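Engineer: First the structure, then my questions, so here it is.
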Amino acid sequence: SFFCQNGKCLSHSVHCDGVNDCGDYSDEFNCPASPKVITCLKYEKGESGKIQSPNYPSPYNANANCRWVIEGPINSRIHITFDAFETEEYEDFVTILDGGPAENSSVVMAIISGSKKPETLISSTNVMVVRFSSDAQIQARGFEASWRAASVSCGGILKAQPYGQIFSSPDYPKNYQNGVECVWKIDAPSGQLISLDVEEFDLEKVNDFLQIYDGGTPLAPVLTRLTGTFTNPQLIISTQSQLYIYFYSNFARNGRGFSITYKRGCTNRIRLDKGIITSPGYTRIPYPNSQRCIYTVELPDGNSEQPTAFAINSFDVAEDDRLLMFEEIEGGRALHPGDGFSAISRPPKNIFAQTGIVQIVFITNSIRNDCPPLQTPKFVSLSTKASAFGTKVTVSCPRGYEFRTGRGQMFDITCQLGGKWTEDHIPDCQPVYCSAVPQIANGFASSATNVSYGGSAKYTCYDGFDFSTGKESGQIYCTDEGRWTLPPSCKAMTCPALAPFLNGERILEFGDGTGYGTVFRFECIAGFRRIGAATLLCLSTGEWSFAQPYCKKLACTNVPLITNGIVITGERFEFGDLARVECQPGFRTVGADSLKCLANQTLSDVPKCEDIDECAEGSAICNVQSTKCINMPGGYHCQCLSGFQAQLSCNTASVLNSLTAEGSSEMDGFHAKDYATTGWCATPNDTNRKITFVFAVPKVIERIRIEKAANGAYPTVIGLKYSNRTGVPLISFTAANITVSYANNKY
């Protein structure tokens, strides 16, 4: 098989056949003997290369349809630069797509036309697609482009030191690339916190973000999520000795990125004329015990003598935790009463210092018996809200859900001495997952909502199969136990049995005779021809593709005209039929007296009608005393001997009875049907005067006697035409010996 880049699977015979069978031209890539119209269908893989329009630098072809798929190494990005570019503006286009190789998984980066060279374009993945199309009007020189694959590396495991170190977004201070995902993990010695100083931050708002987790895995609580742009540095302090930092950029716009200084501990110097100071984990996570955090606030530009003002926006600390504030350094003039601000001795709304340097010390107690209230994610329930020392709490998920960390549907945690829970993080609940949607015989899963609790999958039978329930589709559901309900089954469709096939052979080409996909071929025996389809297919609907054909006898239509004879056939002269041959009076057949229609629509040997010599054979009736017998075709003539004269009188005649008689016209009282009584006369203006007789059977007429009509009229000129068969054009009768006798005004 040949696998297309868009996911289709075709026969290998379609590869390089000059036809876009896949729909994305991937079956025509890099074909050595491809027709000229597809020589620019290429798949290039490597670290660098060049692409050109057809015939470059000569003008490209009219109606060009080119496609290049460029693939670099894993974790690389494609950089493409156009060295020359000239196309018919607004008509001939180069389209750059990011991603692929299938275009339905790509994003258009640029559409280029005209003569202006674009800037270097960079993909967000290791695959780029370049398309070129031209019309039939104007052809320009085209283009030449160079591409290279540049590796991308970001993230890593970092060790926090007492001094500051920096990590930044890829390519900082240049714009980061689209489609980037980076992970940094920062470790500090046990019991020490980690400080992050975000010095510059510029990301596409909402779509690109930096997420910081207060722990070593993405299952830890989120400390903060940063997106957008801000210029004032921000100080972020963890509550743990580990941080997990995740950076994501999508495929749209980008920015300069970020630069962040990190170090261990929570002693920090802040040189700003305004800003915000928060405790470790502020608003998201309770601050840790046994910490001494020092914030030294110093106005910039040497303004150490300038007064400083502080506004207390939020203050929520335990009774035995203290916040101390000093002018200059610790030990200087105290801005707090007694042993510091606490839950009992809360700070005022505003605090003023006389100097431009202020040191803030935040001290947390090492022993606290009660645990902080548990922060539970959505769907998580607690057996009790108590948090006193020794309290045991059962944490559980609702029916059909389980903990994301694999802890099952419930577990217990206990408040320990020192105010610490046995579990410092309660994971989210997620739906219970079933296995992959099961496959069924003779059918497939046509759609699925999801593979978690409450999810469903819908099945469709293949053509030629149907559900035993008779419904058009079947459905299964993911239960709260993580198992699918029983899938439906598909049964084969069947077609009705065919009637016997007469005068031929019905050949089973495929299948069992009635099941879906069965194919019959039909052949007739010699002398018959098939009426209907040559093959029948049992369709997926349980019906045959066509009605069963039948075999019909072949007919012989080339019945010959026999001189001095006639071939008598029925309405149809078909294979195997016999046709009798009758010779005219005075003639007899030579050979068989019949014709046979053969299998190949030909005839058996055709007999001939031979003249009978009545004179020689003695069958002539002539008076030997007064006449001499002279043979004629189809008869004989009694010629008077010398001294004898012919008797010019007509013998008694009988009426010529015909099946029908039809005249070319008729006078009143002299109709054609009365030809034997009153006689027939045509109208005076009839220029084609004739009367036609049709007999029920062939008739031999030896003599004709024509009498006057009742009004005394008679013909002066007589012509005869005849035919051996009805419907055949009449032919004129001519003969050498025609005797006309006149007696008593009878002709």
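Per full-length UniProt numbering, the very first residue in the sequence shown carries number 1; after that it's consecutive. Note that beta-carbon positions come from the ideal geometry of N, C-alpha and C, so glycine has one too. Please read these numbers as outputs of a predicted model, since none were measured by experiment.
#1: Using only CA atoms, which one of 125, 278, 227 lies nearest to residue 251?
#2: If we ignore side chains and look at the alpha-carbon of each, how far apart do residue 602 and residue 690 end up?
#3: What residue range is occupied by the uninterrupted alpha helix (DSSP H) comprising residue 615?
#4: With DSSP as the reference, label residue 183 as helix, strand or coil.
#5: Check whether the segment 204–222 and the segment 269–277 touch, using three or more Cβ-Cβ pairs below 8 Å as the test.
#6: If you measure between the beta carbons of residue 80 and residue 44, is that distance less than 7 Å?
#7: What is the rounded straight-line gap between the Cα of residue 492 and the Cα of residue 438?
#8: Check whether the Cβ atoms of residue 227 and residue 247 sit closer than 7 Å, and answer yes or no.
#9: Using the Cβ count rule (16 or more neighbours within 10 Å means buried), how would you classify residue 149?
#10: In the UniProt domain "Sushi" (554–611), which residue ranges form an unbroken beta strand (DSSP E) of at least 3 residues, counting only runs that do not cross its ends?
#11: List the endpoints of the continuous beta strand (DSSP E) containing residue 329.
#12: For a test of the three-state rule: what should DSSP assign to residue 728, helix, strand or coil?
#13: Would you call the CB atoms of residue 160 and residue 212 closer than 7 Å?
#14: When you compare only the Cα positions, how much space is there between residue 457 and residue 444?
#15: In the DSSP assignment, find the unbroken beta strand (DSSP E) run with residue 248 in it and report its ends.
#16: Would you list the residues sitting across from residue 721 in a DSSP beta bridge?
#17: What separation, rounded to the nearest whole angstrom, lies between the Cα atoms of residue 784 and residue 242?
#18: Less than 7 Å between C-beta atoms, sequence neighbours within five positions excluded: which residues of the same chain meet that for residue 757?
#19: Is the segment 461–469 close to the segment 480–499, with three or more CB pairs under 8 Å?
#20: Using the beta-carbon count (16 or more within 10 Å), is residue 264 buried or exposed?
#21: Which of the three DSSP states is assigned to residue 425 in this structure?
#22: Would you kindly check if the distance between the Cβ of residue 123 and the Cβ of residue 77 is under 7 Å?
#23: Could you give the uninterrupted runs of the alpha helix (DSSP H) lying entirely in the segment 375–417, keeping only those of 4 residues or more?
#24: Find the nearest neighbour of residue 600 within the set 169, 447, 526, 328, judged by alpha-carbon distance.
#25: Which residue marks the beginning of the beta strand (DSSP E) containing residue 311, and which one marks its end?
#26: Apply the 10 Å Cβ neighbour rule to residue 28 and answer buried if 16 or more other Cβ atoms are within range, or exposed otherwise.
#27: Can you give the Cα-Cα distance for residue 153 and residue 256, rounded to whole angstroms?
#28: Following the continuous beta strand (DSSP E) through residue 268, name the residue where it begins and the one where it ends.
#29: State the start and end residues of the unbroken beta strand (DSSP E) segment that holds residue 15.
#30: Who are the near neighbours of residue 410 in its chain, counting only those whose CB is closer than 8 Å to its CB and skipping five residues on each side?
#31: Going by beta-carbon coordinates alone, are residue 287 and residue 360 separated by less than 7 Å?
#32: Measuring alpha carbon to alpha carbon, tell me which of 229, 581, 627 ends up nearest residue 698.
#33: Inspect the beta-carbon positions of residue 365 and residue 316 and report whether they are closer than 7 Å.
#34: Could you pull out every residue in the same chain whose Cβ sits closer than 7 Å to the Cβ of residue 162, ignoring the five residues on either side in sequence?
#35: What does DSSP give as the partner residue(s) for residue 211 in the beta ladder?
#36: Check whether the segment 129–146 and the segment 96–104 touch, using three or more Cβ-Cβ pairs below 8 Å as the test.
Structural biologist: Put simply:
#1: Counting from one through the sequence shown, the residue named residue 251 turns up at place 251. Ranking 125, 278, 227 by Cα distance to residue 251 puts 125 first.
#2: Along the sequence shown, one-based indexing puts residue 602 at 602. Along the sequence shown, one-based indexing puts residue 690 at 690. The C-alpha of residue 690 is placed about 39 Å away from the C-alpha of residue 602.
#3: As a working mapping, residue 615 is identified with position 615 in the sequence shown. Residues 614–617.
#4: Locating residue 183 in the sequence shown gives position 183, counting from the first residue. In the three-state reduction of the DSSP assignment, residue 183 falls in the strand class.
#5: no
#6: Numbered from 1 along the sequence shown, position 80 holds the residue referred to as residue 80. Numbered from 1 along the sequence shown, position 44 holds the residue referred to as residue 44. No. Outside cutoff.
#7: For the purposes of this step, residue 492 is identified with residue 492 of the sequence shown, where counting begins at 1. For the purposes of this step, residue 438 is identified with residue 438 of the sequence shown, where counting begins at 1. In a straight line, the C-alpha of residue 492 is about 20 Å away from that of residue 438.
#8: Position 227 of the sequence shown, counting from 1, holds the residue named residue 227. Position 247 of the sequence shown, counting from 1, holds the residue named residue 247. In this structure, residue 247 does not lie closer than 7 Å to residue 227 by Cβ.
#9: Position 149 of the sequence shown holds residue 149. Burial call: buried.
#10: 565–568, 578–583, 587–590, 594–596, 608–611
#11: Stepping through the sequence shown from its first residue, residue 329 is reached at position 329. Run containing residue 329: none; DSSP gives neither H nor E here.
#12: Sequence index remark: in the sequence shown, residue 728 carries index 728 (1-based). Coil, per DSSP.
#13: Here residue 160 is taken as the residue at index 160 of the sequence shown, counted from 1. Here residue 212 is taken as the residue at index 212 of the sequence shown, counted from 1. No, Cβ-Cβ distance for residue 160 and residue 212 is not below 7 Å.
#14: In the sequence shown, counting from the first residue as 1, residue 457 sits at position 457. In the sequence shown, counting from the first residue as 1, residue 444 sits at position 444. Approximately 10 Å, taken between the alpha carbons.
#15: Within the sequence shown, residue 248 is the residue found at index 248, counting from 1. Note, residue 248: beta strand (DSSP E), 242–248.
#16: Counting from 1 along the sequence shown, the entry for residue 721 is found at position 721. Looking at the DSSP assignment, residue 721 forms a beta bridge with 732.
#17: The displayed coordinates of the chain run from 1 to 747. Any statement about residue 784 would go beyond what the structure contains.
#18: The structure shown does not extend to residue 757, since the chain is modelled only from 1 through 747, so no value can be given for it.
#19: Yes, they touch.
#20: Reading the sequence shown from its first residue, position 264 is the one you call residue 264. The residue in question, residue 264, is buried, as its Cβ has 16 or more Cβ neighbours within 10 Å.
#21: What you label residue 425 is simply residue 425 of the sequence shown in a count that begins at 1. Note: residue 425 maps to coil in three-state DSSP.
#22: Sequence index remark: in the sequence shown, residue 77 carries index 77 (1-based). Sequence index remark: in the sequence shown, residue 123 carries index 123 (1-based). Yes. Within cutoff.
#23: none
#24: As a first step, residue 600 must be located in the sequence shown, where it is residue number 600. Nearest option by C-alpha distance: 526.
#25: Here residue 311 corresponds to residue number 311 of the sequence shown, with the count starting at 1. Note, residue 311: beta strand (DSSP E), 308–311.
#26: Counted from its first residue, the sequence shown places residue 28 at position 28. Buried.
#27: Counted from its first residue, the sequence shown places residue 153 at position 153. Counted from its first residue, the sequence shown places residue 256 at position 256. When rounded, the distance between both Cα atoms is 17 Å.
#28: Position 268 of the sequence shown, counted from the first residue, corresponds to residue 268. Residues 267–271.
#29: Taking the sequence shown and counting its residues from 1, the one referred to as residue 15 is at position 15. Premise fails: residue 15 is in no beta strand (DSSP E) and is neither H nor E.
#30: On the sequence shown, position 410 is the one that residue 410 refers to. So the qualifying residues of the chain are 394, 395, 396, 397.
#31: In the sequence shown, counting from the first residue as 1, residue 287 sits at position 287. In the sequence shown, counting from the first residue as 1, residue 360 sits at position 360. No, the pair does not count as a contact, with Cβ atoms beyond the cut-off.
#32: Residue 698 sits at position 698 when you count from the first residue of the sequence shown. Residue 581 is the option with its Cα nearest to residue 698.
#33: For the purposes of this step, residue 365 is taken as residue 365 along the sequence shown, with counting starting at 1. For the purposes of this step, residue 316 is taken as residue 316 along the sequence shown, with counting starting at 1. Not in contact: residue 365 and residue 316 (Cβ atoms no closer than 7 Å).
#34: As a working mapping, residue 162 is identified with position 162 in the sequence shown. Only 263, 264, 265 meet the Cβ criterion.
#35: Start at 1 with the first residue of the sequence shown, and residue 211 comes out as number 211. Paired residues: 225, 246.
#36: yes
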